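Q:
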Amino acid sequence: MRVEMDLRASDAGVSGLAVEWFETAAEGLFSPLLRSLRNGPELCIPKKGEGVLGSPGGIWASLTEQDPLQGRVRVRKAWSEGNWSDFLARVAEQPADSEFWILELSEQGRRYGASQAKVSVQSVSADGEWHRLRVEYGTGEPGAHSRHRIISSLDVNSAVEHLRRFALRVPITFGCVTDDDGHGGETMLEDRLGLSPLKGIQESQDVLRGYP
Numbered sequence: 001m002r003v004e005m006d007l008r009a010s011d012a013g014v015s016g017l018a019v020e021w022f023e024t025a026a027e028g029l030f031s032p033l034l035r036s037l038r039n040g041p042e043l044c045i046p047k048k049g050e051g052v053l054g055s056p057g058g059i060w061a062s063l064t065e066q067d068p069l070q071g072r073v074r075v076r077k078a079w080s081e082g083n084w085s086d087f088l089a090r091v092a093e094q095p096a097d098s099e100f101w102i103l104e105l106s107e108q109g110r111r112y113g114a115s116q117a118k119v120s121v122q123s124v125s126a127d128g129e130w131h132r133l134r135v136e137y138g139t140g141e142p143g144a145h146s147r148h149r150i151i152s153s154l155d156v157n158s159a160v161e162h163l164r165r166f167a168l169r170v171p172i173t174f175g176c177v178t179d180d181d182g183h184g185g186e187t188m189l190e191d192r193l194g195l196s197p198l199k200g201i202q203e204s205q206d207v208l209r210g211y212p
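Now the structure itself:
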């Protein structure tokens, strides 16, 4: 499942919107998981080759910043209150190319087979003029669903409600809602929210990729 919207980097208040995008997802969509992180054990980034991230079915999260010029990860830290605060401060300074991953681990405590969610802000044009705000999530292996009660319970409407908070008050240029299970494909944001393109969301020919 994925929802996303594109904003011009030059629009006023984009940095604040990017921070709010992360905060609203963490404290809204994924608030039960955020509480578990705050009340749980300290997390760490495993060494290369170590696949176990935590206890079976446990919660794990990371904060990632990409280097758009090098095309690789510049910073990756395990979630903590301090790292989360620092991450949001850096997003406020440089909104693009940041990711918040949160996982409900597999029965072996690994990423493989986990239910995963990602909140991100990406630079999606060579000139840096466009930012894409995205939330996506999917469930893991069937045997883990007894433990994976949060991410697996989210449906397309959960993500749409998150997006709706922004759609009526920010200069969105284009966006979509996607059911990656193939039950509908990409849907124009205006259609999914039941809005006229001229009411709150701008109609634009500056489409960054092949939305319908």
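Sequential numbering from 1 applies to the sequence shown in full-length UniProt numbering. Note that CB positions come from ideal geometry on N, CA and C, so glycine has one too. Just so we're clear, the structure is a prediction, and the values are computed from it rather than from any experiment.
So the alpha helix (DSSP H) F22 belongs to, where does it begin and stop?
A: It spans 14 to 24 - the alpha helix (DSSP H) in which F22 sits, taken as one unbroken run.
Q: At what residues does the beta strand (DSSP E) containing F100 begin and finish?
A: Counting along the chain, the beta strand (DSSP E) containing F100 begins and ends at 98 to 104.
Q: Would you check if the distance between the CB atom of D67 and the CB atom of R76 is smaller than 8 Å?
A: Cβ distance not < 8 Å, so D67 and R76 don't count as in contact.
Q: Based on Cα-Cα distance, which residue from R35, S153, G128 lies nearest to S10?
A: The shortest C-alpha separation from S10 is found at G128.
Q: When the Cα atoms are used, what is the spatial distance from R90 to V14?
A: One C-alpha to the other measures close to 13 Å.
Q: On the criterion of 16 or more Cβ atoms from any shown chain inside 10 Å, does residue 262 qualify as buried, or is it exposed?
A: No answer is possible for residue 262: it lies beyond the span of the chain, which begins at 1 and ends at 212.
Q: Mapping the DSSP letters down to three states, classify W84 as helix, strand or coil.
A: W84 falls in the helix class under three-state DSSP.
Q: Count the other C-beta atoms from every protein chain shown that fall within 10 angstroms of the C-beta of R132, then say buried if there are 16 or more, exposed otherwise.
A: Buried, since its Cβ has 16 or more Cβ neighbours within 10 Å.
Q: Can the beta-carbon of S62 be found closer than 8 Å to that of A78?
A: Yes, Cβ-Cβ distance for S62 and A78 is below 8 Å.
Q: For D155, is the classification buried or exposed, using 16 other Cβ atoms within 10 angstroms of its Cβ as the cut-off for buried?
A: Exposed.
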